[in-house]
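Engineer: Starting off with a structure, shown below.
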Amino acid sequence: MLFASDLRGIAYRLNRNTVQRFPEAILGIIFAEAKSGDIDRARRDFDLWHDDLAEASAGGTLAADLVLVDIHLSVYEDRPFDDATVERLEGARVQLPDHDFIGKALASNLLCNIALQMGDFDQAQKCAEQAIQLYRQGDGEFGALHLHTHLAQIRLMRGDLLGAGEVLQSMEKNLSEMPGQAQWLIAVARILRAEVAYEANDLHEASRLCATAFALVEHRDAWFDILTAAYRVNTRLAFSESGLPGALEALSHGEQIARDRGMPRLFRLMQIERLRALTLSNETRSAARLLTEIGLSTDRTRLEESDDLAFRQGTTFVAVARLMVRTRRAREALEFIAPAEDLAIRRGQLLALAKLRVIAAAAHWGLGSRVDATSSLLSAIRLLGDQPFCRFILDEGPEMAVIVQAALDGDHVSVPPTPAQRRRLSEMMHHWATSAWAGKGQRRAGAADLRRRYLELMAVGHSNKEIARIMGVTTNTVKYHLKEIFRDLGADNRGRAVQRARDPGLLDH
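The structure is reproduced here in structure tokens:
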């Protein structure tokens, strides 16, 4: 694949005569510009040569290709879609000749993208499988392998963790046997495998995969779903290793990339990930303020007709419901969860449904409804069957451990857990018991490294803005860290904080 630097030289030499003589090649260049991350230039070239391309397409099938490339660019521009876009795509697909398998595959590919954005995983899976079949009919194996990323994400969100892992491992194996520039797509597969490993609580493997793939994905890609997955797993690993400070560092980086690339939906989902990290750290006041700032409504009566694309993602429902429970609005949370569960069922988002039932268990427990709490927890486990999901419960922390222990002991249960459920519950209690000290040690080590860095920058006199630039974070993140440092050291200004850090050897003299 040609990347942006290669394509710019070609694009600069374009003229009207060339465009009209070779319209298919020009559309191919524009398509590749977007694919390689140069989205602005791709759109400028498309708009600049649109009329000439449209003139060249008169009476032929190139008009359908124009629609496909336009919507392809819109996917990379992170634009929202609606029914009118679907109708344009369907119309373009009908115009393509029967033998144009690659064109029809691209149309199905784009329909899959739109269905994923709308949160309709059933439709997305149907379109992905159709696109894979069409790519292969047109000998487009590389294109078919692209769709395996969507297929794996869909399986993960539908609760098929093992299936998602198998798809990605097969994809990576096939790519490794192909000539050409397959490394980038292998990196994409590894980022998604990192998410699979994280959900199975294999944090070591998740960290390894993320470390090998993150930089390549970030620098070579503008693919919304993949960037979202990369920043999400990177943030969650940082949270598990270094607590809230680590998560905030990772989030600030992801949010900055979203701003720099003009990807509002990615930025919004990063804010929801920030909401998750703050809530799990019991920073509920900050989380509540963030919820208001990003304009998420908790009105359960408006969920289904909401045009807020964030609510098409199950992670948003979970984050909002969790905050309600943590701010002692358990009854309101249960009223919110009921329609959210219904939407998750209809959209095929079974992992989100399981997570909502875990949050519901915490809400019931907070209201003193112990039997309802254990029933909701066991229902969540039963929903995912024998799939090795763990983090959807473990991430909730000590608050959930009490309910897990009650279900394991047979206290407050209407129906005793099955042997398989007891085994899962025991594994989770074992994890909490054996990793509590090690986990705290790791978090302390990660947080200590970050704190030392902030202290060093502060000691040499850098301002908050300068520290933010050096660390690659926002000034608000710097303020948060310094506030924590001042509190831990019992200091009320920078000079006193630096001195108190030097006394016990936290900072070199």
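The sequence shown maps to residues 10 to 518 in the working numbering. C-beta: ideal position from N, C-alpha, C; glycine also.
Helix, strand or coil for Leu57, going by three-state DSSP, please let me know.
Structural biologist: Within the sequence shown, the letter at position 48 stands for residue 57. DSSP places Leu57 in helix when its eight states are reduced to three.
Engineer: Can you check which of these residues, Phe130, Leu82, Glu86, is closest to Ala116 by C-alpha distance?
Structural biologist: Counting from one through the sequence shown, the residue named residue 116 turns up at place 107. The option with the nearest alpha carbon to Ala116 is Leu82.
Engineer: Does the beta-carbon distance from Ala114 to Ala161 come in below 9 Å?
Structural biologist: Along the sequence shown, one-based indexing puts residue 114 at 105. Along the sequence shown, one-based indexing puts residue 161 at 152. Not closer than 9 Å, so no.
Engineer: Can you tell me where the alpha helix (DSSP H) with Val28 in it begins and where it stops?
Structural biologist: As a working mapping, residue 28 is identified with position 19 in the sequence shown. Start and end: 25-30.
Engineer: If you draw a straight line from the C-alpha of Val380 to the C-alpha of Phe401, how long is it?
Structural biologist: As a first step, residue 380 must be located in the sequence shown, where it is residue number 371. As a first step, residue 401 must be located in the sequence shown, where it is residue number 392. Each residue's alpha carbon lies about 20 Å from the other.
Engineer: Does Gln280 come out as helix, strand or coil in the three-state DSSP assignment?
Structural biologist: Sequence index remark: in the sequence shown, residue 280 carries index 271 (1-based). DSSP places Gln280 in helix when its eight states are reduced to three.
Engineer: In whole angstroms, what is the alpha-carbon distance linking Met127 and Gly406?
Structural biologist: Here residue 127 refers to the residue found at position 118 when the sequence shown is read from its first residue. Here residue 406 refers to the residue found at position 397 when the sequence shown is read from its first residue. Between Met127 and Gly406, the C-alpha separation is close to 31 Å.
Engineer: Which of helix, strand or coil does DSSP assign to Cys399?
Structural biologist: If you number the sequence shown from 1, residue 399 lands on position 390. Three-state result, Cys399: coil.
Engineer: Contact defined as beta carbons within less than 8 Å: I believe Ala137 pairs with His159. What is the distance between those atoms, to the nearest angstrom?
Structural biologist: Walking along the sequence shown from the start, residue 137 turns up at place 128. Walking along the sequence shown from the start, residue 159 turns up at place 150. About 5 Å; that satisfies the 8 Å criterion.
Engineer: Would you kindly check if the distance between the Cβ of Arg461 and the Cβ of Asp497 is under 9 Å?
Structural biologist: Start at 1 with the first residue of the sequence shown, and residue 497 comes out as number 488. Start at 1 with the first residue of the sequence shown, and residue 461 comes out as number 452. Not a contact, by the Cβ cut-off of 9 Å.
Engineer: Okay, do the stretch 196-210 and the stretch 388-403 touch, 3+ Cβ pairs below 8 Å being the bar?
Structural biologist: Yes, they touch.
Engineer: Is it the case that the Cβ atoms of Leu278 and Arg241 are separated by a distance below 9 Å?
Structural biologist: Reading the sequence shown from its first residue, position 269 is the one you call residue 278. Reading the sequence shown from its first residue, position 232 is the one you call residue 241. Yes, the pair counts as a contact, with Cβ atoms nearer than the cut-off.
Engineer: Nearest by alpha-carbon distance to Ile200: which of Lys182, Ala124, Glu227 is it?
Structural biologist: Residue 200 sits at position 191 when you count from the first residue of the sequence shown. For the residues Lys182, Ala124, Glu227, the minimum Cα distance to Ile200 belongs to Glu227.
Engineer: Reducing DSSP to helix, strand and coil, say where Thr427 ends up.
Structural biologist: As a working note, residue 427 is residue 418 in the sequence shown. In this structure, Thr427 counts as coil in the three-state DSSP scheme.
Engineer: Which residues mark the beginning and the end of the alpha helix (DSSP H) in which Ala500 is found?
Structural biologist: Mapped onto the sequence shown, residue 500 falls at position 491. Premise fails: Ala500 is in no alpha helix (DSSP H) and is neither H nor E.
Engineer: On the criterion of 16 or more Cβ atoms from any shown chain inside 10 Å, does Ile479 qualify as buried, or is it exposed?
Structural biologist: Here the question's residue 479 lines up with position 470 in the sequence shown. It counts as exposed.
Engineer: Just mark Ala363 as buried or exposed, buried being the case when its beta carbon has 16 or more other beta carbons within 10 Å.
Structural biologist: As a working note, residue 363 is residue 354 in the sequence shown. Classification of Ala363: buried, given that the 10 Å Cβ count is 16 or more.
Engineer: Between the Cα of Arg337 and those of Ala133, Gly504, Ala297, spot the shortest distance and give me the residue it belongs to.
Structural biologist: Translated into positions along the sequence shown, residue 337 becomes position 328. With distances taken between Cα atoms, Arg337 lies closest to Ala297.
Engineer: Which word fits Glu436, buried or exposed, when buried means at least 16 other C-beta atoms lie within 10 angstroms of its C-beta?
Structural biologist: Counting from 1 along the sequence shown, the entry for residue 436 is found at position 427. Label assigned to Glu436: exposed.
Engineer: Who are the near neighbours of Gly323 in its chain, counting only those whose CB is closer than 6 Å to its CB and skipping five residues on each side?
Structural biologist: Residue mapping note: residue 323 aligns to position 314 of the sequence shown, counting from 1. These residues qualify, in order along the chain: Ala353, Gln358, Ala361.
Engineer: Would you please state the rounded distance, in angstroms, between the beta carbons of Asp87 and Leu275? I believe it to be under 8 Å.
Structural biologist: By 1-based counting over the sequence shown, the position of residue 87 is 78. By 1-based counting over the sequence shown, the position of residue 275 is 266. Rounded, the Cβ-Cβ distance is 6 Å, consistent with contact.
Engineer: Helix, strand or coil for Glu214 per DSSP?
Structural biologist: By one-based count along the sequence shown, residue 214 stands at place 205. Reduced to three states, the DSSP call for Glu214 is helix.
Engineer: Excluding the 5 residues flanking His421 on each side, which residues of the same chain have their C-beta closer than 8 Å to its C-beta?
Structural biologist: Residue numbering aside, residue 421 sits at position 412 when the sequence shown is read from its first letter. Here the set comprises Arg379, Val380, Ala382, Thr383, Ala415.
Engineer: Could you give the distance in angstroms between the alpha-carbon of Glu535 and the alpha-carbon of Ile35?
Structural biologist: One cannot answer for residue 535 here, as it falls past the ends of the chain, which runs 10 to 518.
Engineer: Can you give the Cα-Cα distance for Arg289 and His373, rounded to whole angstroms?
Structural biologist: The sequence position of residue 289 within the sequence shown is 280, counting from 1. The sequence position of residue 373 within the sequence shown is 364, counting from 1. The amino acid occupying residue 289 in the given sequence is Leu; Arg does not appear at that position. The straight-line gap from Cα to Cα measures roughly 18 Å.
Engineer: Taking Cβ positions, are Ala140 and Cys121 nearer each other than 9 Å?
Structural biologist: Within the sequence shown, the letter at position 131 stands for residue 140. Within the sequence shown, the letter at position 112 stands for residue 121. Result yes, Cβ atoms of Ala140 and Cys121 sit closer than 9 Å.
Engineer: Taking 9 Å as the threshold (C-beta atoms), are Ile123 and Leu156 in contact?
Structural biologist: Along the sequence shown, one-based indexing puts residue 156 at 147. Along the sequence shown, one-based indexing puts residue 123 at 114. Contact flag unset, no.
Engineer: Please report how far the alpha carbon of Ser519 lies from the alpha carbon of Ala370, in whole angstroms.
Structural biologist: Absent from the model: residue 519. The displayed extent of the chain is 10 to 518, so no value can be given.
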